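Worksheet for the structure shown next.
There are 2 protein chains.
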Amino acid sequence: MASRVAATVPAASPPWLAEVRLPQGAKGSAVYGQLRRLIVLGRLPAGEPLVELQLAAAVGCSQGPVREALFRLQEDGLVQRAGYRGTFVSRTSSAEAEELVALRCRIEVQAARRALPSLTPSLLEDLATQIERMEELARHEDLYAMTEADRTFHLTLFREAGLPALEPILERCFLLIHRHAITRPERRRTPMEAASRHRSILAALRGGEEEAVMESLRLHICSVIDGASPLGAGGGPAA
Amino acid sequence: MASRVAATVPAASPPWLAEVRLPQGAKGSAVYGQLRRLIVLGRLPAGEPLVELQLAAAVGCSQGPVREALFRLQEDGLVQRAGYRGTFVSRTSSAEAEELVALRCRIEVQAARRALPSLTPSLLEDLATQIERMEELARHEDLYAMTEADRTFHLTLFREAGLPALEPILERCFLLIHRHAITRPERRRTPMEAASRHRSILAALRGGEEEAVMESLRLHICSVIDGASPLGAGGGPAA
DNA sequence: CCGATCATCATTATTGATAATTCATGGAGA
DNA sequence: TCTCCATGAATTATCAATAATGATGATCGG
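If you read the sequences in order, they're chains A and B.
Letter by letter, the first sequence follows residues -15 to 223 in the working numbering.
Letter by letter, the second sequence follows residues -15 to 223 in the working numbering.
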């Protein structure tokens, strides 16, 4: 966005200009982001009721944006809305989490294969930068920011495949998997371990060998949840 | 101010606008259903702009429900909303359709495996009834109603698996696949053929053999799209 | 003639107020 | 005591109107 502003304002473009624009008019997305964060982190327990007007008062906006945010959360699978009865934080199950991991694995591995021929050095550099950012966040133990950085990394690679219709599905998988991993941290890996897995993916991408890329992705994705097997037992159309 | 509304509605009303008129009652979901139908059937071509106030005027409700419907359509991947710039019918690609078929296959096959132990005779009868309904619709050549009946059939089976978090993903796959199949009917099977495939699924379910069930599901699902071979050309996580 | 600046317009985003729906509670009657 | 119905509170759903935003084309200075 900054580039387009710079294009339309060729005159001065003072550096402070970017900071002037604050959350004006983005109330809806802000509410959505905050609620999503609280749910993924487990601060809002499953079954918790979310009242539209109550949230609106708390946030300082009207019912409309809150309503919109709750709707998006429902599409994410994080809340359930029941007619005129109310909105509640949804419940999770390990079985679903495992299946979601398998789906995510399938989507990302296929996307990586499609993206492999069109990878550019600049993209690889971009990915490397994101890994560094992730490690930085890992040092600060900012769990939620890490999940976002992780999502960004994987989405950056995924987008190269040119399958935009699958992106919302993948995002959904990210959200629910991360939520499950955070709220049930039975034997989770350390954040730094996760970052190192990304490095091996990047190395495989640099190498350019299809099999190595797919295998590193599989390993990394399945490592998020304990129960998920790397083989994706009995799944796809592949006989 | 009616004059202001009239001023904002372009004089050139698209030909499909008359079809969004709906009976009465629950406006919000009705608008969503109508628009979804028109898009899946291809009456609304890709790239077509959808203006909230224009739709509201055509349907006879306010902007809110229409807005909500457009949001749901975006989550379904049928439209794209761009900031303050407008809403447009999304575009499809065969590559995405093939990948969606693979995903759907994976989800349903896994779900069927989970559901197999808990199948009841009444559920099987229910499925049989739905097949008959589908054949009835096939005789009337009501394509969209058939897609809905097909969805109902598969969802009925899927729900037995007890993986509610995956249901929206599956619905998404249904919608986009059906849309692609209808709007690009290059070498589609006849509706009756599709119904017979369901019969073979039901027979396999009655038999209770896991492999037979999974295989019949695979065949049926992959037959929806031409490009998707049962072998998973460019397909499965299995290399 | 070309590019930057500005006004205009179509459109979405938000607001405040009102209607519709559901659920629980309490009281009347058998 | 138990059942059933009215009633009220709580909540979502809808509406009409206003504000904010980004694109488009006109205007003005080089």
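Built from N, CA and C at the ideal position, the CB exists for glycine as well.
Only a predicted model underlies this, so the values are computations on that prediction, with no experimental measurement involved.
Residue j beta carbon less than 8 Å from that of residue i
i, j, result
"Leu160(B)", "Leu84(B)", "yes"
"Ala179(B)", "Met118(B)", "yes"
"Phe72(A)", "Pro33(A)", "yes"
"Cys89(A)", "Ile205(A)", "yes"
"Ser207(B)", "Arg183(B)", "no"
"Thr136(A)", "Gln114(A)", "yes"
"Glu194(A)", "Arg97(A)", "yes"
"Arg65(B)", "Ala30(B)", "no"
"Val93(B)", "Arg202(B)", "yes"
"Ala133(A)", "Ala95(A)", "no"
"Pro175(A)", "Glu109(A)", "no"
"Ile23(A)", "Arg156(A)", "no"
Reduced DSSP secondary structure (H/G/I, E/B, other) of residue i
i, result
"Arg65(B)", "strand"
"Arg20(A)", "helix"
"Pro33(A)", "strand"
"Thr(-8)(B)", "Note that Thr(-8)(B) has pLDDT 35, beneath the 50 cutoff, so the model's placement of it is unreliable and no number is given."
"Ala81(B)", "helix"
"Val93(B)", "helix"
"Cys206(B)", "helix"
"Gly146(B)", "coil"
"His124(B)", "coil"
"Leu6(B)", "Its pLDDT being 46, under 50, Leu6(B) is placed unreliably by the model, and the measurement read from it follows with that caveat. Coil."
"Cys228(A)", "Absent from the structure is residue 228(A), since the part of chain A shown begins at -15 and ends at 223."
"Arg117(A)", "helix"
"Pro169(B)", "coil"
"Gln47(A)", "helix"
"Leu25(B)", "coil"
"Gly192(A)", "coil"
"Thr131(A)", "helix"
"Leu87(B)", "helix"
"Thr235(B)", "With chain B covering only -15 through 223, there is no way to say anything about residue 235(B)."
"Thr140(B)", "helix"
Residue i - partner residues in DSSP beta bridges
i, result
"Val231(B)", "Because chain B spans -15 through 223 in this model, residue 231(B) falls outside it and cannot be assessed."
Supposed contact pair residue j and residue i - C-beta distance, whole angstroms, cut 8 Å
i, j, result
"Val35(B)", "Val43(B)", "12 Å between Cβ atoms; not a contact."
"Leu127(A)", "Leu37(A)", "Their Cβ separation, rounded to whole angstroms, is 31 Å, which puts Leu127(A) and Leu37(A) out of contact at 8 Å."
"Ala112(A)", "Leu121(A)", "That pair is no contact at about 15 Å."
"Leu141(B)", "Ala99(B)", "6 Å"
"Ile91(A)", "Leu147(B)", "About 17 Å separates the two Cβ atoms, so there is no contact after all."
Proximity test, residue i beta-carbon vs the ligand NAD heavy atom, cut-off 7 Å
i, result
"Val85(B)", "You won't find the ligand NAD in this model; it holds no ligand whatsoever."
>> Three Cβ pairs or more, each shorter than 8 Å: is that satisfied between the stretch 11 to 28 of chain B and the stretch 43 to 60 of chain B?
In response: Short answer: they touch.
> Are the stretch 141 to 153 of chain B and the stretch 58 to 78 of chain A touching, with three or more C-beta to C-beta distances below 8 Å?
Replying inline: Taking 8 Å as the limit for Cβ pairs, the verdict is that the stretch 58 to 78 of chain A does touch the stretch 141 to 153 of chain B.
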